[in-house]
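Below is one structure, written out as structure tokens; comments come after it.
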Amino acid sequence: MNSEIRKMFCDLLGEDRVFTEEAMSQHTTFKIGGPADYFLMPDKGEDVGRVIKICKEKEIPYFILGNGSNLLVGDGGYRGAVIQIYRNMSSVTVEGNEITAQAGALLSAVAAAAKNASLTGFEFAGGIPGTIGGAVVMNAGAYGGEMKDVLTEVTVMNAEGDIFTLPTEELELGYRTSIIKTAGYIVLEAKIRLKEGDPEVIRETMKDLTIRRTTKQPLEYPSAGSTFKRPEGYFAGKLIMDSGLAGYQVGGAQVSEKHCGFVINAGDATARDVRTLMDNVRDIVYKKYGVTLEPEVKFLGEF
Ligand SMILES: Cc1cc2nc3c(=O)[nH]c(=O)nc-3n(C[C@H](O)[C@H](O)[C@H](O)COP(=O)(O)OP(=O)(O)OC[C@H]3O[C@@H](n4cnc5c(N)ncnc54)[C@H](O)[C@@H]3O)c2cc1C
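Under the numbering used here, the sequence shown has 296 at position 300, and the numbering climbs by one with no breaks.
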């Protein structure tokens, strides 16, 4: 940590939005991760651009964080600036059938706004514990729905700090990917179009999906959701289960017995435990089925 750089961030964002040596275990759903040199919480797009300008001038790497629900941060932490786009940029407004959400809004908040306005089509996302930004980047999906089905446009910032709006057709949304991911854009805002629905049916659908999640997923443990992507023609969880790996453990990291697609932090797991377990699972599944499991979870920092 460099005190001159810290001062530059403080002058821009204010002392209360700048942290140093911030434990990333507090900002990831895995509850794992060492310290980030700088942890910054801007509250507008322009400030995100200014922070990035400082990072470039001072040659410090930066990383955009949402709710940290698809992320494994190394035990050694991150030598750079984590820029969190979350609660400080999380407004949600409903106008007719359209919802405009800032990137930091939680999917659950958007789903609640849709439900309150009797709009249907976003029920699938209500139980995904991420932000709109994180969901757009990876075209998050569940129970037959995905962001691609509901987005109309997304406002992004490029690495030069230019802000522009892309219609859905230009987002190149695919299975857990988008142009935002490949071009390294930052999501600032998204517009979603839904249909008018029956409030009772919307409520029942959301309730049903919550029950399906709580009965099938190990939500009682910290995790980052599905650890591996779905390989074409297979389900990662089933391959792992059929390989006899339910409950398989490395240190505090464990393949969930409730849902083998999830690696859980069963107690004091380190990032190294999770990485080693993931490598072993990948190798064992490959040996048995000839299928290569690829991580869905993102890795950040020093392991
Ligand atoms: C219990 C559990 C259940 C889950 N279920 C599902 C599910 O059903 N379906 C599903 O798709 N996912 C699921 N996930 C994974 C995760 O919630 C989603 O991937 C979510 O979209 C990640 O959002 P986030 O804000 O937490 O992103 P983060 O984990 O903070 O970041 C993930 C990636 O997105 C990037 N990013 C985040 N915000 C922005 C932004 N504003 N601009 C640019 N890049 C950004 C980050 O740089 C990083 O590369 C689950 C996770 C958990 C823990």
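The beta carbon of each residue, even a glycine, is placed where N, CA and C say it ideally should be.
Computed from a predicted structure; not experimentally measured.
Where the beta strand (DSSP E) through residue i begins and ends
i, result
"residue 76", "74 to 80"
"residue 66", "Here residue 66 belongs to no beta strand (DSSP E), and DSSP marks it neither H nor E."
"residue 285", "Element bounds for residue 285: not the beta strand (DSSP E) but the alpha helix (DSSP H), 267 to 285."
"residue 303", "This structure leaves residue 303 out entirely; the chain is present only between -3 and 299."
"residue 291", "Here residue 291 belongs to no beta strand (DSSP E), and DSSP marks it neither H nor E."
Cβ neighbours of residue i in the same chain (closer than 8 Å, five flanking residues each side left out)
i, result
"residue 230", "285 and 287"
"residue 219", "25, 26, 252, 258, 259, 260 and 261"
"residue 93", "115, 189, 190, 191 and 192"
"residue 283", "none"
"residue 212", "254 and 255"
"residue 76", "32, 33, 34, 51, 56, 57, 58 and 59"
"residue 126", "62, 63, 65, 66, 102, 103 and 136"
Distance CB(residue i)-CB(residue j) smaller than 8 Å
i, j, result
"residue -3", "residue 17", "yes"
"residue 187", "residue 142", "no"
"residue 268", "residue 299", "yes"
"residue 106", "residue 124", "no"
"residue 10", "residue 72", "no"
"residue 4", "residue 69", "no"
Closest residue to residue i among the options (Cα-Cα distance)
i, options, result
"residue 207", "120, 10 and 67", "120"
"residue 6", "23, 20, 41 and 47", "47"
"residue 172", "3, 290 and 0", "290"
"residue 61", "232, 228 and 294", "294"
"residue 256", "212, 233 and 267", "233"
"residue 180", "33, 13 and 129", "129"
"residue 54", "102, 0 and 109", "0"
"residue 132", "178, 266, 205 and 224", "178"
Nonlocal neighbours in the same chain, by C-beta distance under 7 Å from residue i, ignoring five residues either side
i, result
"residue 168", "174 and 175"
"residue 215", "209"
Close Cβ partners of residue i (< 6 Å) along its chain, the five nearest in sequence each way excluded
i, result
"residue 80", "37 and 61"
Residue span of the alpha helix (DSSP H) that contains residue i, given as start and end
i, result
"residue 143", "143 to 146"
"residue 225", "Residue 225 -> no alpha helix (DSSP H), and no H or E assigned at all."
Given 8 Å, three or more beta-carbon pairs between the region 269 to 276 and the region 232 to 251: The answer is yes - the region 232 to 251 touches the region 269 to 276, with three or more Cβ pairs under 8 Å.
Pairing CB atoms from the region 225 to 244 with CB atoms from the region 186 to 200, are three or more of them under 8 Å? Under the Cβ criterion (8 Å, minimum of three pairs), the region 225 to 244 does not count as touching the region 186 to 200.
Taking one C-beta from the region 150 to 168 and one from the region 79 to 91 each time, how about it: are there three or more such pairs within less than 8 Å? Contact between the region 150 to 168 and the region 79 to 91 is absent, because fewer than three Cβ pairs lie under 8 Å.
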